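In the working numbering, the protein residues as written are 7 to 394.
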Amino acid sequence: MIGYGFMGSAHSVGWRQAPRMFDLPEAVEMAVVVGRNAQAVADAADRWGWAESATDWREVIARDDIDIVDIVTPGDSHAEIAIAALDAGKHVLCEKPLANTVDEAERMADAAARAAARGIRSMVGFTYRRVPAVTFLRDLIAQGAVGKIAQVRAAYRQDWLVDPETPLGWRLQKEHAGSGALGDIGAHIVDMTQFVTGLEVTAVSGVVDTIVKERPLLGSGSGLTGTAAEGYGEVTVDDVAIFTGRLSTGALVAFEATRFATGRKNDLSIEVSGDKGALRFDLEDLNTLWFYDRSAPAQTQGFTRILVTEASHPYVSAWWPAGHMLGYEHGFSHQVVDLVTAIAEGTDPEPGFAEGLSVQRVLAGVERSSADGSAWVRIDAGALTPGV
7 MIGYGFMGSA
17 HSVGWRQAPR
27 MFDLPEAVEM
37 AVVVGRNAQA
47 VADAADRWGW
57 AESATDWREV
67 IARDDIDIVD
77 IVTPGDSHAE
87 IAIAALDAGK
97 HVLCEKPLAN
107 TVDEAERMAD
117 AAARAAARGI
127 RSMVGFTYRR
137 VPAVTFLRDL
147 IAQGAVGKIA
157 QVRAAYRQDW
167 LVDPETPLGW
177 RLQKEHAGSG
187 ALGDIGAHIV
197 DMTQFVTGLE
207 VTAVSGVVDT
217 IVKERPLLGS
227 GSGLTGTAAE
237 GYGEVTVDDV
247 AIFTGRLSTG
257 ALVAFEATRF
267 ATGRKNDLSI
277 EVSGDKGALR
287 FDLEDLNTLW
297 FYDRSAPAQT
307 QGFTRILVTE
317 ASHPYVSAWW
327 PAGHMLGYEH
337 GFSHQVVDLV
347 TAIAEGTDPE
357 PGFAEGLSVQ
367 RVLAGVERSS
377 ADGSAWVRID
387 AGALTPGV
């Protein structure tokens with residue numbers, strides 16, 4: 007695993023827990039974690055259960071005993087590491103968003119396609135797909151539960167940047183993060199919409215904005231928090247992105263990605279409305295799915311709460327009895343299960359780099375639209391063009 011910050015801890019939990027709770031087709035060994043600070047990465051290895059630590063990722067991916075490379079670094083290094091690892095014959099798991107630019111994502115997708123021809127697999131870490139309720143929502147839509155999709159509402163709202171004195175971490179610098187709320191959390195709702203509906207976002211119209219334009223320089227940080235140093239620096243990414251999407255069937259999606267939704271800690275929600283019913287999910291209540299069935303008698307119609315903890319629900323049988331809740335960390339175990347299973351079976355895991363590229367194109371389309379007065383931008387493979 008290359009990187010050891012917030013996502014490093016989450017991925018480590020997944021690698022550690024999956025082999026203990028699921029019957030994986032191959033044994034998994036947590037061989038080495040890599041970071042620039044020798045002492046800090048050694049401490050991370052001890053804390054999370056990695057056998058050793060290192061500071062040179064190039065040396066690590068050249069090792070014969072390494073089969074999978076898990077990339078949890080900031081986005082500015084994703085392309086270089088992933089392409090090198092794939093070319094070295096390593097399977098790759100890369101955190102989202104896939105890259106900082108469409109050009110980088112295209113090069114990564116090309117490298118993944120070349121590697122796939124040699125049996126080398128790659129996957130993007132859109133982990134929320136693997137929350138059991140979200141996977142079940144996708145399954146219900148595929149079975150026709152909502153009928154023809156008319157409209158989707160998808161939002162990811164956080165409030166960790168409301169305080170203007172929150173320090174200037176790497177997520178607030180374009181050269182490291184690529185974009186702000188749009189790429190960091192907006193990528194999740196774009197992917198989730200495409201995943202659960204089975205449809206592509208083909209056009210967007212939107213606006214991005216930076217609410218706090220300067221912040222204290224970062225002294226030290228961990229995860230999303232940190233302490234300030236002397237002086238201030240410019241915030242070069244967006245704080246909020248609000249945009250409309252057009253799906254391949256013509257249906258509309260209302261998207262919102264913000265780090266300024268006061269009181270919302272990690273509120274990822276999606277609601278899919280169709281001519282036969284509706285489904286909605288909220289990450290802050292992640293064991294629950296709400297279903298509205300229009301075929302029910304009028305006097306009993308209403309959203310029905312489904313507790314997604316039955317053994318028959320996706321992934322759940324490996325965990326606890328019904329009603330014993332799962333949490334944020336379990337999706338990372340499910341991610342490991344799906345990746346290792348695909349590698350063992352010789353199949354391409356999902357989402358692959360091509361799907362990561364499709365999300366990257368949507369994000370670029372939103373930025374293009376915002377810069378052009380919120381004009382509609384069509385998302386075409388290889389180009390962004392005006393129109394719906």
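We put the CB at the ideal spot given by N, CA and C, even for glycine.
Note that the structure is a prediction, hence the values are computed from the model and not measured.
Where DSSP assigns a beta bridge to residue i, which residues make up the other side?
{"i": "residue 3", "result": "Given that the chain is displayed from residue 7 to residue 394, the structure contains no residue 3 and the question cannot be resolved."}
{"i": "residue 387", "result": "None; residue 387 has no bridge partner."}
{"i": "residue 299", "result": "283"}
{"i": "residue 58", "result": "38"}
{"i": "residue 143", "result": "DSSP output for residue 143 lists no bridge partner at all."}
{"i": "residue 76", "result": "99"}
{"i": "residue 392", "result": "383"}
{"i": "residue 155", "result": "280"}
{"i": "residue 174", "result": "223"}
{"i": "residue 163", "result": "264 and 273"}
Short of 6 Å in beta carbon distance, which residues of its chain neighbour residue i, apart from the five on each side in sequence? Order them along the chain.
{"i": "residue 91", "result": "67, 75 and 98"}
{"i": "residue 300", "result": "282 and 283"}
{"i": "residue 290", "result": "273"}
{"i": "residue 161", "result": "262 and 275"}
{"i": "residue 13", "result": "78 and 101"}
{"i": "residue 323", "result": "317"}
{"i": "residue 179", "result": "242"}
{"i": "residue 321", "result": "138 and 340"}
Nearest by alpha-carbon distance to residue i: which of the options is it?
{"i": "residue 248", "options": "264, 303 and 355", "result": "264"}
{"i": "residue 81", "options": "171, 61, 186 and 281", "result": "186"}
{"i": "residue 69", "options": "38, 42, 315 and 89", "result": "38"}
{"i": "residue 184", "options": "377, 287, 103 and 288", "result": "103"}
{"i": "residue 42", "options": "73, 83 and 54", "result": "83"}
{"i": "residue 308", "options": "105, 237 and 285", "result": "285"}
{"i": "residue 208", "options": "382, 23 and 214", "result": "382"}
{"i": "residue 239", "options": "171, 125, 205 and 206", "result": "171"}
{"i": "residue 176", "options": "23, 224 and 217", "result": "224"}
{"i": "residue 120", "options": "96, 137 and 136", "result": "96"}
{"i": "residue 19", "options": "335, 11 and 222", "result": "335"}
{"i": "residue 325", "options": "28, 158 and 21", "result": "28"}
{"i": "residue 377", "options": "214, 356, 36 and 387", "result": "214"}
{"i": "residue 17", "options": "133, 220 and 44", "result": "133"}
{"i": "residue 105", "options": "295, 385, 361 and 311", "result": "361"}
{"i": "residue 94", "options": "107, 64 and 109", "result": "64"}
{"i": "residue 295", "options": "306, 216 and 146", "result": "146"}
{"i": "residue 258", "options": "53, 47, 22 and 200", "result": "200"}
Going along the chain, which residues of its own chain have a beta-carbon closer than 7 Å to the beta-carbon of residue i, five neighbours each way excluded?
{"i": "residue 270", "result": "163, 164 and 165"}
{"i": "residue 293", "result": "139, 313, 314, 315, 331 and 332"}
{"i": "residue 168", "result": "266 and 268"}
{"i": "residue 374", "result": "383 and 390"}
{"i": "residue 181", "result": "82"}
Could you tell me if the beta carbon of residue i falls within a distance shorter than 8 Å of some heavy atom in the ligand MG?
{"i": "residue 355", "result": "The model on display carries no ligand, and the ligand MG is accordingly not part of it."}
For residue i, which residues in the same chain have their Cβ closer than 8 Å to its Cβ, ignoring the five residues on either side in sequence?
{"i": "residue 31", "result": "346, 347, 350 and 351"}
{"i": "residue 226", "result": "232 and 233"}
{"i": "residue 47", "result": "10, 39, 40, 41, 59, 60 and 61"}
- Query: Which runs of the alpha helix (DSSP H), 4 residues or longer, sit entirely within the segment 223-295?
  - Reply: List check, alpha helix (DSSP H) in window: nothing returned.
- Which runs of the beta strand (DSSP E) spanning at least 3 residues fall entirely within the segment 190-222, listed in chain order? Whole beta strand (DSSP E) segments, 3+ residues: 207-215.
- On the three-pair Cβ rule with 8 Å, is the segment 339-347 touching the segment 103-116? no
- Please confirm if the segment 366-383 is in contact with the segment 237-257, defined as three or more CB-CB distances below 8 Å between the two stretches. yes
- Message: If we require 3 or more residues per run, which beta strand (DSSP E) segments fall completely within the segment 85-133?
- Response: 97-101 and 128-131
- Query: Which runs of the alpha helix (DSSP H), 4 residues or longer, sit entirely within the segment 307-365?
  - Reply: Complete alpha helix (DSSP H) runs here, min 4: 336-351.
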